[in-house]
Amino acid sequence: MDLQKLKTKPRKAARTAPAADGLKVVGKSVLRVDGWEKIKGAAQYTDDLQFGPGLLYAALVESPHAHARIKSLDTSAAEKLGGVVKVVTGRNFTQKFGLYMNDRYVFATDIVRFVGEQVAAVVATDPKIALRGAALVKVEYEELPAVMDPVKALEKDSPLVHPDLGTYSHVPWFFPKPGTNIAHWRKIRKGDLEKGFKEADLVLEDTYYVPRYAHCAIETHSAIGLYDASGRLTMWTSSQSPFTQRHVFAETLKSFGLSHKDVRVISTYIGGGFGGKAGVTMEIIAAALAIAVPGRPIKLLWNRAQEFYNTYQRLGVTAKIKMGVTKAGKITALDFKLHWDAGAYVEYGANVVNAAGLSASGPYRVDNISVDSMCTYTNLPPCGAYRGFGYSEFLFGLESHITRMATQLGLDPVEFRKKNAIKEGDILPYGAHMNPNGIREAIEKVEKEIKWGVKEKSKDPRKAIGKALVCFWKSPAMPPNASSSAFLKFNEDGSVNILVSGMEIGQGLLTVMAQVAGEVLALPVTKIRVETPDTDRNPYEWQTVGSHVTWGCGNAVKRAALEARERIFDLVQRVHCLDKSTLYLEDECVRCRTKPDFSLPFRDFVINGIQADDHTFKGGPIMGSGVFMPEFASAIGDPETGQGGHPNVHYTTGSAGIILEVDRETGKMKIKKVALAVDCGKAINPDLVKGQVVGGLLQGFATVLYEDMRYNEKGRLLNPNFSDYKIPTVMDMPEVVVPIIIEVPQPDGPFGARGVGEHTMIPCAPLIANAVADALGVRIKSMPVTKEKVALAAKAARK
Amino acid sequence: MKNHDIKFTLNGEQVALSVEPSDVLLDVLRGRLGIKSPKVGCDRGDCGTCTVLLNGKTIRSCLALAVEADGTEIVTLEGANTTRKWTQKLQKKFHEKNAFQCGFCAPGVILSATELLEKNPKASKHDIKEAIAGNLCRCTGYEPIVEAIEETVKGK
Amino acid sequence: MPITAEFEYVKPKDMEEVLHVFSLYKEKARALAGGTDLVVHLKEGLAKPEVVVDLKAVPELAGFALRDNTLRLGALATFTDLIEAPVIKAKFPLLWEAALTVASTGVRNRATVAGNICSAVPSADSAPALAVYDAVVLTRSLGGARRVPVADWFTGPKRTALRPDEIVEAVELRLPEKKHAGCYMKLSRYEGEDLAQGGIGVLVFADHTYRVAACALGPKPGRCPLTEAALNGKKLGDKTLQAAKEALLREISPITDIRSSKEYRLHMAQIMLGRALESASARLLGKGPKYGAENIC
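Have a look at this one:
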């Protein structure tokens, strides 16, 4: 489907004639249901909530060292400061926590493991007093040797970040190596690697380096906790994961007598997530503070620097690739070693390593493959989910490598990709079968869009033009039993409220859920309200991550809508004696195929029922609930080969191409055109898919052109601000962005849909690196590919 | 440290309050006056999400002391929503074009665009980019924002 | 993020009152004009004044005026004031072009030129323009007024010739008498707002004389006399340009920092010099890019 054409279609799509597929609401670019709230400034984010004069504020005492033993902690001066209510340390919070592995502490009590780690918190009546109090807490440290590099962390004499690793509990599909810094080692072994390399005409081996990155949502993390006199804990958090947070709060604070029913998490709109607000980071501190100071709400608001150094960061990786290819362009073997710098705590980051390890072949069929994806502890801040979840990182090396090998063999890199592209039914690296996908169509459309094969010349003789095309794939990385659920209830006027716990993080989830229900119930989205969750009221959703909620939560909403529809049909059949199979919904009414004059508006019966001939009322409030669990998934495979399970539910695939202008002297790069085709199965709202493409591409280009986190040798982050961590401005947009939607339906997706949110940023790094190589003949193997690197490499090449 | 009694016009209403010299305008607007559309983003003038109009010009309210507001006229999106013609036209286009995702930067972007169009109703694409170059958006990739402002200029 | 430091705030109505405060408090007083640097420093604990002196009510410090070929920029003149003034664009296009590269609208609406040179970071975008227009910084204390040539103003990174009891009243720029055109080339990490990793400002005169100044390529911004000597009296050609680039390398001393390496700065300084001279020469002939366009390297 061509998005450019769709754009010209009328906006009131919900009321237009049915499309060829019969859909009236799904597949239309309806306006967002959260639009007016957001652009009028009425939308409330966590820090906007008002708590009255009783609100207390917290400030942290943080470690200045990357690795040190806490010798003493003196809070007395802070406690004496007027306005300080309490100074809280880890003494009362000894339970470790984590999402996939319990390796994290609420406060460091004995050892600090990264610069910025929380040691204590000062709770005060005013934010200024809290900060002044924090400055008065005296901590004595004994510095310990630290390790900052994931490869050095594997050396025998490396300092150990977690000597007690062997005692930590974790999910059964993690394989830590106690006595080392390896927190998890995902192995994949399929086929015969040696034989594969023998069959190859060219074997190329090289190393690619990817640094750490920050999400840079414009809203920082914030959390407010209230532990009331009745023993109930309410948390207001800026979160992608309200239910996961509730679970972690309840488990971690179990010793205070909390059960899950006593913990309530309320999540408002969030000012950008990108994975950074998944799981639990600083929110656990606010929860602990609430317990420590019962009866008053306590706010913890991260400043921008803390947002950089004490939330999840994207993992850095050193990627060693050895690949074998025949003259005909078939990949015969891939040996991929990924050394991940996962930081001081890896309770979430280790799953990034796992996900990348399972899928490191990229969207290609590779019969002989070995992957070692190693999650390594370092004394840098903890890493976790970041839009792309490991795929951007390994694709930089893999897609650079593929273009290099094709070029060295004199093959066309695009033809090479077509030849090796994965097909439905192909065996995946872990042994399961590939889902239906449109990767070939994506390649072909992108190829055409960037006029692949046509060499272009810049009008400016100082500049050269390069082109590149790469492929991508990604699967939701989630536990095999990550489920979604939905409630749906009608109101008197026939409008509907939907309760889900999938989070609106900017992607448009609320609108898409309204469209899914609207399609089933013949309602325009303007008659449907979907809001952000409160775990007391809304049903369960694991987390809003992995680009899986359109699929998972969408399935639950669809089932809830179908259940409500079924109840409507049952009622009408019972009261009006019409055969259920002849009933259908249209224009907010129940209609009957065999009785054209029958039309019962929703508003006439969805709350108060239908009056029968005897003047009694039948029915009552119409509601529906839906649950979705991927019952075919399993994370258990052989630890030595990765074979046997079905850890990934499906892959979304696609392709992207670029026309890049590069200044030979300055290295400055201008994206003249970028096209990205993604197979979203079914675009429930094409304009929102386009939004993901345009926005995701710029975030992706930023990681390759401008951004990276810089640490000094002591483990201190040197650029925890937007002055020196450069996220793009409007001046830095590509000149032309062409989103292309491919629709090869996902059999188990709602109306065939699968996720698309993360995928749009993951091809960017190899796109730039390959286009620079095409333009100037220089190959940059470390991210970011800044203009400085390009200019200096080009200068060196000229000599 | 002496407190200062200040008076200013906030969204058309007179406000009088006592502030400490070290109070930051953004914090006073949000914490004491309940004005929540200017957001805390970077707290050092880099991101533009705290944008307010001071005497008709956009400023970073995170970089102004509250005491400096004495005698000025401050308009935030809460006020511009109903009183500024260009704000309303922009909002309509922002909605149509999906010129926001998470919505956190939207108040600042819309006020920056309002300042531009009040000064220059025929702003070019370059003028538009220049005007909102200090408003960071991590979601949209900016394209729909620029389109929305362009279409507002064209009166489409 | 609150400011935890405690200080007094005063807003004098006239110069005398201002100067009294500074004579009393000296380095413990900080002048507040736009506040775009000062408030960041207060938040981050880099400035700990006892008193903050808001200058915005002092009439003598406001505005700017061109008289007798001398442009007087009051200490309260903001970058937006300059950008919106047709006279600046027409007569001091290099200053105008440099002003456009400073931060972004919401900051430029408050930030002042005087503040920029008082902060005196090596990357001050206004500095090369002030240098080539032979600016003089007018300071005043109770003890009297001084005229400090901009060449003597910057004494090191974040250090100036301003005395603790003084404030900057105004900056004066001389309008060059001969026909000329200019260009400010700025090295940034991207097109959007950034601190200069290097900046070259040039004026090219019809009689083949040249003025060249740099920022962010050494501990302090300023003129490049060796480069000017290599250029003066010569038409721009490959040989002259090469000699100028070599001269430039002899008088700049960039460092490696988080924003850029020394190697890249040295490489780019030469390219920026070449491109700035090329643009300015073209502008002199009524050609070349418009002011404010194509000057971000």
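Chains as they are written, first to last, in the working numbering: chain C, 538 to 1336; chain V, 36 to 191; chain E, 7 to 303. Ideal Cβ placement from N, Cα and C applies to all residues, glycine included.
Considering only the beta carbon of each residue, do residue i and residue j sit closer than 8 angstroms?
i                       : j                       : result
residue 1076 of chain C : residue 1023 of chain C : yes
residue 1021 of chain C : residue 1100 of chain C : no
residue 1059 of chain C : residue 1123 of chain C : yes
residue 162 of chain E  : residue 226 of chain E  : yes
residue 1005 of chain C : residue 862 of chain C  : no
residue 1102 of chain C : residue 1067 of chain C : no
residue 1222 of chain C : residue 567 of chain C  : yes
residue 810 of chain C  : residue 139 of chain V  : no
residue 852 of chain C  : residue 966 of chain C  : no
residue 820 of chain C  : residue 634 of chain C  : no
residue 769 of chain C  : residue 1072 of chain C : no
residue 910 of chain C  : residue 723 of chain C  : yes
residue 1012 of chain C : residue 1302 of chain C : no
residue 1283 of chain C : residue 1088 of chain C : yes
Just list the residues that DSSP pairs residue i with in beta bridges.
i                       : result
residue 502 of chain C  : Coverage of chain C is limited to positions 538 through 1336, which leaves residue 502 of chain C absent and any answer about it impossible.
residue 1276 of chain C : C/1213
residue 1248 of chain C : C/1254
residue 655 of chain C  : C/599
residue 40 of chain V   : V/53
residue 773 of chain C  : C/761 and C/803
residue 59 of chain E   : E/16 and E/37
residue 45 of chain V   : V/48 and V/109
residue 1163 of chain C : C/1023
residue 263 of chain E  : E/266
Start and end of the beta strand (DSSP E) containing residue i?
i                       : result
residue 97 of chain E   : Note, residue 97 of chain E: premise wrong, no beta strand (DSSP E); alpha helix (DSSP H) at 92-97.
residue 743 of chain C  : 739-747
residue 944 of chain C  : Run containing residue 944 of chain C: none in the beta strand (DSSP E); it sits in the alpha helix (DSSP H), 928-945.
residue 1139 of chain C : Looking at the DSSP string, residue 1139 of chain C is not in any beta strand (DSSP E), and its letter there is neither H nor E.
residue 72 of chain E   : 70-73
In the DSSP assignment, the alpha helix (DSSP H) including residue i goes from what residue to what residue?
i                       : result
residue 573 of chain C  : 572-576
residue 1088 of chain C : 1086-1113
residue 1295 of chain C : Segment: none, residue 1295 of chain C is in no alpha helix (DSSP H) and carries neither H nor E.
residue 1055 of chain C : 1046-1058
residue 145 of chain V  : 141-154
residue 131 of chain V  : 120-131
residue 735 of chain C  : 730-736
residue 678 of chain C  : Here residue 678 of chain C belongs to no alpha helix (DSSP H); instead the beta strand (DSSP E) covers 675-680.
residue 1074 of chain C : Where residue 1074 of chain C is concerned, there is no enclosing alpha helix (DSSP H), given that its DSSP letter is neither H nor E.
Mind listing, in chain order, the continuous alpha helix (DSSP H) runs of no fewer than 4 residues lying wholly within the region 587-623 of chain C? Runs found: 613-617.
Contact residues within the region 68-98 of chain V, judged by C-beta distance below 8 angstroms to chain C: Within the region 68-98 of chain V, 69, 71, 72, 74, 75, 76, 77, 78, 79, 81, 82 and 84 place their CB atoms closer than 8 angstroms to a CB of chain C, listed in sequence order.
Please list, in chain order, the residues of the region 127-148 of chain V that have any C-beta partner in chain E closer than 7 angstroms. 147
Length at least 3, wholly inside the region 146-224 of chain E: the beta strand (DSSP E) runs in chain order: 150-155, 160-162, 173-180, 186-193, 204-211 and 216-221
As an exercise, report each continuous alpha helix (DSSP H) stretch of at least 4 residues that is fully enclosed by the region 854-896 of chain C, in chain order. When DSSP assignments are scanned along the region 854-896 of chain C, the uninterrupted stretches of alpha helix (DSSP H) that are 4 or more residues long and fall wholly within it turn out to be 886-896.
Which of the residues in the region 228-243 of chain E, read from start to end, lie with their CB under 7 angstroms from any CB of chain C? none
What are the residues of the region 766-791 of chain C that lie near chain E, defined by any Cβ-Cβ distance shorter than 7 angstroms? none
Where in the region 957-1019 of chain C do unbroken runs of the beta strand (DSSP E), each at least 3 residues long, occur, reported from the N-terminal end onward? 1000-1011
Please list, in chain order, the residues of the region 24-39 of chain E that have any C-beta partner in chain V closer than 9 angstroms. 38
Taking a Cβ distance cut-off of 8 angstroms, strictly less, list which residues of the region 274-287 of chain E are near chain C, in chain order. 274 and 277
List, from N- to C-terminal side, the beta strand (DSSP E) runs of 3 residues or more that fit wholly inside the region 1180-1247 of chain C. List check, beta strand (DSSP E) in window: 1189-1200 and 1206-1216.
Anything in the region 738-751 of chain C with a Cβ closer than 8 angstroms to a Cβ of chain E? List those residues in chain order, please. none
Using a beta-carbon distance cut-off of less than 8 angstroms, what residues from the region 67-99 of chain E approach chain V? 86
What residue ranges within the region 788-833 of chain C form continuous beta strand (DSSP E) runs of no fewer than 3 residues, ordered along the chain? 800-804
Give the residues from the region 794-815 of chain C that approach chain V closer than 9 angstroms (Cβ to any Cβ), ordered along the chain. 806, 807, 808, 809, 810 and 811
When you check each C-beta in the region 581-600 of chain C against every C-beta of chain V, which residues fall closer than 8 angstroms? Shown in chain order are the members of the region 581-600 of chain C whose Cβ falls below 8 angstroms from a Cβ of chain V: 581, 582, 584, 585 and 587.
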